[in-house]
Amino acid sequence: MSGHEEAHVAQAFVSNFVAPLGPQLDAFEDEVSQNLGGGLHCVGLSSGSAALHLALRIAGVGPGDEVWVSSMTFAGGIFPVNYLGARPVFFDLDPKSWTVDVNNIAQQLEGAARDNRLPKAIVPTDLYGQSVDLDALEALAAQYGISLIVDSAESLGASYKRGRMAGTGGDAAILSFNGNKIITTSGGGMLVTKHKGWADEARFLATQARDPAPHYEHSTFGYNYRLSNICAAIGLGQMAVLKDRVSRRRAIFERYRAELSRPGITFMPEPDGLRSSRWLTALVIDPDELGVSREDIRLMLLKHEIESRPLWKPMHMQPLYTGTAYYGSGVDERLFAQGLCLPSGSDMSDDQQDEVIGRILQLLDSTN
Ligand SMILES: Cc1ncc(COP(=O)(O)O)c(C=O)c1O
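Just so you know, we're using the working numbering here: the sequence shown kicks off at 261 and counts up by one.
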């Protein structure tokens, strides 16, 4: 917490809006919309997964449809495809950006259009705080008439080219305010869309699809997916420090890079013109070059009660998705085998970071 949250929560209590809706939720939606550059419709929801579920449903995704997704992501960015009875088809990353390989998608779309089996939607992931190539993906979505829903759960505060903020892409983008994200509402998410109709429908579906009537009337099924006014009050306090958080995460990343760069360690790239939030410091270790493996480092840190974590396990490698279509050459598989997220919390002190760096350097010195 930043210290700004309690006042907003107290205001919510004083006004007695201890409910799913209320003035703090309206203000939080406005604040996020302003932060993204204005002009977009924001709908506060109970989670990022809920936001993706709604976006896919509004895009018309249903049983048997294909949804093309980045394989290297967290499960919450994929499971909503299954909620709708649709099928995820997995795509590899571009080694130059570590976000989805747009040329690979373009090539497969060409074939799919020829065979009349286009996907219903594409859901690329802004990985570890870095925006996908929005220009290219938006052009493809427009060319083939496919919905584009950008999973920006990890990238609030980052920017794409020309200062355009991550979270503004496609027909809709989704955000997450889960506890591990750059800002949190303790749990929550948001649908961000340029289509007023999508935002209206999301609000309708997220409050149990109540048709206008004095009694409870339903012509379709909905969900209980709105963000509570209390959680939104926390979010308002967190928005006050979003910029600082991004600066801090970027500083943590740069410091790791300055101290640990050597042959055999590669940090996540940042393409020209993009500004990642560096949500997590992600790197890959080539054990042949470094003489030490990812697991050697992770287990050594763990022995000292320092948590680090392998990069996301690509979803096409998950037991749940065995046999599911995957297009790629295994860039994501190599990142998973050799990749590590170092401790990167905004509140990590310089001393704590010194300890992580020092212990890694000690390990490298002792084995070389
Ligand atoms: C890439 C990605 N997509 C989706 C989600 C789901 O968000 P939530 O946990 O708010 O449901 C997360 C994180 O939790 C995520 O990292």
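In this text, a Cβ means the ideal position worked out from N, Cα and C, and glycines have one as well.
Quick caveat, the model's predicted, so the values are computed rather than measured.
Item	Value
When Asn364, Gln403, Val360 and Ser407 are compared against Val392, the one with the closest alpha-carbon	Val360
Distance between Asn440 and Pro570 (C-alpha atoms, nearest Å)	16 Å
Best match in Val452, Trp358, Val616 and Phe481 for proximity to Val544 [C-alpha to C-alpha]	Trp358
The stretch 436-450 contacting the stretch 550-557, beta-carbon criterion three pairs below 8 Å	no
Three-pair Cβ contact test at 8 Å for the stretch 478-495 versus the stretch 271-291	yes
For Leu435, three-class secondary structure by DSSP	strand
heavy atom of ligand 1 below 7 Å from Asp411 C-beta	yes
Segment limits, alpha helix (DSSP H) that includes Arg558	Arg554 to Lys563
Segments assigned beta strand (DSSP E), at least 3 residues, entirely inside the stretch 318-372	326-330 and 347-351
Stretch pair the stretch 317-329 + the stretch 287-307: three plus CB contacts closer than 8 Å	no
beta-carbon Gly324 near ligand 1 non-hydrogen atom, thresh 7 Å	no
C-alpha distance - Glu615 paired with Met261, whole-angstrom precision	24 Å
Beta-ladder partner(s) of Ile490, from DSSP	Per DSSP, none; premise fails for Ile490.
Ligand 1 heavy atom lying under 7 Å from the CB of Ser239	For residue 239 there is no data in the structure shown, the boundaries of the chain being 261 and 628.
Residue nearest to Tyr483 in terms of C-alpha spacing, selected from Arg317, Glu289 and Leu296	Arg317
The stretch 360-372 touching the stretch 393-400, judged by at least three CB pairs closer than 8 Å	yes
DSSP state of Ser407 mapped onto helix, strand, coil	strand
Continuous alpha helix (DSSP H) assignments of at least 4 residues falling wholly in the stretch 264-318	265-275, 283-295 and 308-318
Inter-stretch contact (C-beta, 8 Å, three-pair minimum) for the stretch 456-470 and the stretch 343-359	no
Three-state secondary structure assigned by DSSP to Phe464	helix
Three-state class that DSSP yields for Met608 in the structure shown	coil
Nearest-angstrom beta carbon gap, Gly449 and Phe288 [assumed within contact, 8 Å]	Wrong, their Cβ atoms sit about 12 Å apart, outside the cutoff.
Residues bridged to Thr526 [DSSP beta-bridge criterion]	Val544
Residue(s) in a DSSP beta bridge with Ala399	BP columns for Ala399 are empty, so no partner.
Separation of Ala272 from Ala493, as counted between CA atoms	7 Å
Distance cut-off 7 Å: Thr596 Cβ against heavy atoms of ligand 1	It is Phe, not Thr, that sits at residue 596 in the sequence shown. No.
Under the three-state DSSP convention, the category Arg538 falls into	coil
Simplified DSSP state of Met450, which is helix, strand or coil	strand
Local Cβ density within 10 Å of Arg422, reported as buried at 16 or more and exposed below that	exposed
Buried versus exposed, by CB contacts within 10 Å (16 or more), Phe481	exposed
From Pro323, Gly427, Leu602 and Pro384, residue whose alpha carbon lies closest to that of Ser293	Gly427
As assigned by DSSP and simplified to three states, the class of Pro570	strand
7 Å CB neighbourhood of Pro529 in its chain, flanking five on each side removed	Lys356, Ser357 and Trp358
Distance between Leu550 and Thr297 (C-alpha atoms, nearest Å)	Correcting the residue identity first, residue 297 is Gly in this sequence and not Thr. Straight-line Cα distance between these residues: approximately 43 Å.
Ser507, DSSP secondary structure in three states	helix
Rounded separation between Asp592 and Leu369 - CA only	20 Å
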